[in-house]
Every structure is written in C-alpha cells, then in structure tokens.
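Working notes, beginning with the structure itself.
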Amino acid sequence: MKTHRRYTSLLALSGALILGMASSHASTATLAERWNTLRAEQPKLGIRDAAKQLSVSEAELLATGIGKTATRLADSSSAPREIMRRALDLGKVMALTRNENGVIEVTGEATRIAKQGDDGAKDAEREARELNIAGGYLGGPIDLRFHFAKWKHAFAVVQPGKDGAVSRSLQFFDENGTAVHKVYLKDDGKVAVFDKLVADFRHPQQDGKLAIVPAAPKAVETPDASVDVKEFQQAWKDMSDVHQFNRIVSEFKLSREQALRLAPAGVATKVAPQAVRQLLEQAAAKGVPIMAFVGNGAVTQIYSGKVNKVQESAGYFNVLDPDFNLHLRDKALKAGYVLQRAGVTSVEFYDDKGELVVTFFGVRERGKPQPQPWLDLAAALPKA
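For the sequence shown, the positions run -26 to -1, 1 to 358 when mature numbering (1 follows the signal peptide of the UniProt record, and there is no 0) is used.
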C-alpha cells in the first residue's frame, strides 16, 4: 500500500513538472500567437503600441521572431557604439528615433568625422575619451547625438516590408526594452555589408531571454521653494550658448518644464499646444527652413531644412516629405513654449507627463543672425 502511494506521488510530481515545462513553453508561444492575432485584428498597429496592448516591452515582442525575422546582436557596453560605427558603411539609410508622442525619420547617408591629420592611434585615443561619438553622424542628413550608456539590447531584423520588398534594419533598445533608435537599409547594393555586420555582431545566445529592467518611477520634482530661483535665473541670463541649458537644469536639479516655469521674465512664453500645427503649416507655406529635434534620453535626432507636405493622419500630425517624416501625436501635447536662450529663439512642446516631445529652431548660418521669417513665425504662435 505504501509502495502504491509512493508511486502515485511520483506520478503526480512528474505530471506537475511536465505541466510546468509545458506552461513555460506555452507562455513564450502564447506571446507570439497573441501578437499574430493582434496583427490580424489591427494590421496597421505598430509594434510599440502592440507591445503596450500585450503588456510586454517592444524588445520582448521583437524577440519572438528570433530565428525567423530577428537576430539578436551583441549587448556589451561598447557594442552599440561599435555597431553604429560599422553602420556608416551601409550607405543610404533611413534613421528613426522616437519618444512616446513623436517620431522622426530621415533618409540619407551619414557623414563621417573628418580626419584631423593625426595617426590612427591618436584618433582612437580621442574617440575613447568621447564615448558618445561613433565615427560620424554629426551634421549631414543623418544627424544624431548619442548617449550610449542607455543603449542595451540590439537586433537585426529582416522581414517583408510594406511595399513587398525585404526590409533590413538594425534596432536598438534600452534596459527597459523601449526602442531608442532604428536604422533601415535603403541601398540594395549594401546587403552584403549588412549581412557581414550582422554576422560579426551576432550574439552567441539566440533566444528571447532578455534582461529587461522595469522602468523606474519618474523622479519627484524638486519643490519650487527649495530652488535658488534668483541664481537659476542669473545662470539662464549668463548662458552664452544654448547647449549650456541642459547643464544648468541639471545643476539646479530641476525638471525641464519646471525650469521654463521658473525662467526669467520674458524668456519663456507659453503657447497653445496645438500651435505645433500652425508652426509646421506656416513653415511649409512660407518656405521657412527649420530644425526639428526629437529625442528619448538615449539619442536625439535632428532634421534641418524645409518642410513641404503636412497633414493629419491616423491620430498624428505629420510632415510627409520624401526624405523627412515627422509624426507628432499632437492631441497628447499639453504645453508649448517659445524660448529665448543665449539670444536664440526656439519652440518646445511637452506631453501630459511633462516630457519633451519635440523642439524647433530656425536654420541659420554660424555667426549670423537668426532669419527674420523664423522669428516672425515663432512670434505669431497663439499664446496659451
């Protein structure tokens, strides 16, 4: 009788283990299956929004395609920089950067950093000190500012594109599995270069076991009463270059929008969030060249030039030009500001969480005054 009970218990334990293993396998399969179902129901739904509906990160969702459409790439601390350096060899690409409510897409060929006459060793030493330089991307059509410390996961993706042609891309994610940057191959003559890059950076473990870290809660804003507002305002007035702004905000431990709220009188004028439409429509109608900045903390992408076709579509207000697309979920914008920093006028828009979505400047030549048409355009935006 005891033997029978022991045998029955062993059977139950074995069954539980098998069920557990099957359940673990099913959970992975279920995510892929749920995504397939969702895509069938909503064929125009992007992967970022699909991941939200499925309560996973975009990186985890993409990883369900490993072995079919996706290849996991190296994830060492230096890998993102090295991969982006090699991506300079891909020729014409479409570079895409986004945040929660803004997407910028620019097609062109990235510019390499010009050699300064030093030998290779000195160049390497210089770039070792400049960890956020990847051998190029400063100016030119593909204009990027990197913060590689926030880049964690990378994939190469090869799949059918919207036009039926094969789409090849490099896709990068932060530790939370949120997309930070994507590079799409646009030169069919560079397929072999793409394939060699993928082979050289292929991760030894081709599985979906990603170390995804939950996003940290947003930092609590420093109370205004704890800020030395007089010193902050003086630091703002003393700015000699607009690039000093981020350092000043950090030094005074402010959120970006809080800094605008506490700014000296007359340098941060609040405008209606819907003014972004007027800005882009007028820039297109009057041929005013603009600079558009979209970033996410890991990378900022910049477009400089004119805009032509602007229209609302699929919940976004868009610029839809051949080599430049900008997609703004403008109904999520809650505040806009016309700013004066170091004598330069810019316009910024923030979402309902206080996050910066997009910044605009007028295009100007170094050392020359800002173009009057840009100043007029900014001044005419409706006040909040």
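Don't be surprised by glycine CBs; every beta carbon is placed ideally from N, CA and C.
This one's a predicted model, so the numbers in the text were calculated from it and none came from an experiment.
A straight line joining the alpha-carbon of residue 196 with that of residue 356 spans about 30 angstroms.
DSSP places residue 172 within a helical segment (H, G or I) once states are collapsed to three. Around the Cβ of residue 38, a 10 Å sphere holds 16 or more other Cβ atoms; the residue is buried. The beta carbon of residue 325 lies closer than 7 angstroms to those of 74, 75, 306, 307, 308, 331 in the same chain, with the five residues before and after it left out. In this model, residue 221 and residue 176 are separated by some 37 angstroms (Cα to Cα). Cα atoms of residue 162 and residue 244: separation of roughly 47 angstroms, rounded to the nearest angstrom.
Remark: C-beta atoms of residue 110 and residue 87 approach each other more closely than 8 angstroms. In chain order, 36, 129, 131 place their CB closer than 6 angstroms to the CB of residue 44, counting only its own chain and leaving out the 5 sequence neighbours on each side.
When DSSP states are grouped into helix, strand and coil, residue 226 belongs to the coil group. Contact between the stretch 44 to 61 and the stretch 151 to 171 is present, with at least three C-beta pairs closer than 8 angstroms.
Taking C-beta separations shorter than 6 angstroms and ignoring five residues to either side along the sequence, the partners of residue 251 in its chain run 291, following chain order.
Under the three-state reduction of DSSP output, residue 338 falls in the coil class, being neither helix nor strand.
Sorting 336, 246, 241 by C-alpha distance to the C-alpha of residue 257 places 336 at the top. Within the stretch 261 to 304, not a single complete alpha helix (DSSP H) segment reaches 4 residues in length.
A straight-line Cα-Cα distance of about 11 angstroms links residue 154 and residue 69. For residue 12 and residue 145, the gap between their C-alpha atoms comes out near 22 angstroms.
In this structure, DSSP gives residue 160 a state outside helix and strand, which the three-state scheme calls coil. Residue nearest to residue 348 within the set 260, 298, 275 is 260 (criterion: CA-CA distance).
A residue is called buried when at least 16 other Cβ atoms come within 10 angstroms of its Cβ; residue 301 meets this threshold and is buried.
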